[in-house]
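In my numbering, the protein residues as written are 404 to 542.
First up is the structure itself, then whatever we jot down about it.
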Amino acid sequence: MPAIASAPFVLKDAVLTVDVDDYEKHVSSVTFTPAMSVVTWTPISPSGVFSDSTSPSWTCAVEYAQDWTTADSLSQYLMDNAGQTKTVIFKPLGATTGDPTFTATVIIAPGPIGGAVNTVQTGTVTMGVVGEPVRGTVA
404 MPAIASAPFV LKDAVLTVDV DDYEKHVSSV TFTPAMSVVT WTPISPSGVF SDSTSPSWTC
464 AVEYAQDWTT ADSLSQYLMD NAGQTKTVIF KPLGATTGDP TFTATVIIAP GPIGGAVNTV
524 QTGTVTMGVV GEPVRGTVA
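This is the structure:
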């Protein structure tokens, strides 16, 4: 059996756009996460157990610095567009030709307001993904 090489990456110099706006200077973390479960039906006969998995549903979690003074900040955008569907493009390795890119339609959710004293105020918002992220490469 051949050994398969591994090429893990460090998230730096990534690209994140929401609709047509670039928000990579606002964001410290982007995570697309699938969730699926197993459905089991058990009859009175132990040999008739049926199990199957559900289709995955996806979420997109974004951690960002709260900015309520810049008119077009991500904090403002999330609050102003809550409930709307928007296209998100995430390029975890940057914008070099051939690098991976993930495109998804997300349902915008507003983020938190405020936090602890003497710290940079951050927030995490988890948005539902319509369908699943589409993997591609930077052209």
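Quick reminder that beta carbons are idealized off the backbone N, C-alpha and C, glycines included.
No experiment lies behind these values; they were computed from the predicted model shown.
- The beta-bridge partner set that DSSP reports for Thr527 consists of Glu466.
- Straight-line spacing of the CA atoms in Gly514 and Val465 works out to 10 Å.
- From the listed residues Gly451, Asp502, Gly534 and Leu477, the smallest Cα separation to Ala417 is found for Asp502.
- Beta-bridge annotation (DSSP): Lys494 is paired with Val418.
- With the rule of 3 Cβ pairs closer than 8 Å, the segment 466-473 counts as touching the segment 525-536.
- Distance from the Cα of Val491 is smallest, within the candidate group Thr500, Met530 and Thr506, for Thr506.
- Within the same chain, Trp461 come within 6 Å of Glu535 by CB-CB distance, once the 5 residues on both sides are set aside.
- Taking C-beta separations shorter than 8 Å and ignoring five residues to either side along the sequence, the partners of Asp475 in its chain run Asp424, following chain order.
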